[in-house]
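For the sequence shown, UniProt numbering begins at 1 and goes up steadily by one. A quick write-up on the structure given underneath.
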Amino acid sequence: MDWNRIEGNWKQFKGKIKEQWGNLTDDDIDRMEGSREQFEGKIQEKYGIGKDQAKRNVDDWLKTLQ
Numbered sequence: 001m002d003w004n005r006i007e008g009n010w011k012q013f014k015g016k017i018k019e020q021w022g023n024l025t026d027d028d029i030d031r032m033e034g035s036r037e038q039f040e041g042k043i044q045e046k047y048g049i050g051k052d053q054a055k056r057n058v059d060d061w062l063k064t065l066q
């Protein structure tokens, strides 16, 4: 799945995001408004991982949505 689809249907994907990344609050998710860059940054912050690892985690998650 590509990020454009998620960005366009952000409200529908909020539940799936919460399932995968439970440390993200509803406010965190709402503030991202579909921005992958902000999404990866918030994952870095909440999980204490590097930028490259956050990107890989998001890429892996996107593959599970297909």
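Glycine is no exception: its CB is placed at the ideal position from the N, C-alpha and C atoms. Everything numeric in this text was worked out from a predicted model, so none of it was measured.
_Beta-carbon contacts of residue 3 that lie in its chain and below 6 Å, excluding the five residues immediately before and after_ = Translated into positions along the sequence shown, residue 3 becomes position 3. So the list reads 36, once near-sequence residues are dropped.
*Between the Cα of residue 33 and those of 17, 62 and 52, spot the shortest distance and give me the residue it belongs to.*
Your numbering for residue 33 matches position 33 in the sequence shown. Distances from the CA of residue 33 to each of 17, 62 and 52 were compared; the closest alpha carbon is that of 17.
*Three-way DSSP call (helix, strand, coil) for residue 66 in this model*: Sequence index remark: in the sequence shown, residue 66 carries index 66 (1-based). The three-state reading of DSSP puts residue 66 in coil, since its state is none of H, G, I, E or B.
_Span of the alpha helix (DSSP H) around residue 7_ = The count along the sequence shown starts at 1 and reaches residue 7 at position 7. From DSSP, the alpha helix (DSSP H) with residue 7 extends over 3-8.
*Does DSSP put residue 102 in a helix, in a strand, or in coil?*
Residue numbering for the chain in the displayed model covers 1 to 66; residue 102 lies beyond these limits and cannot be assessed.
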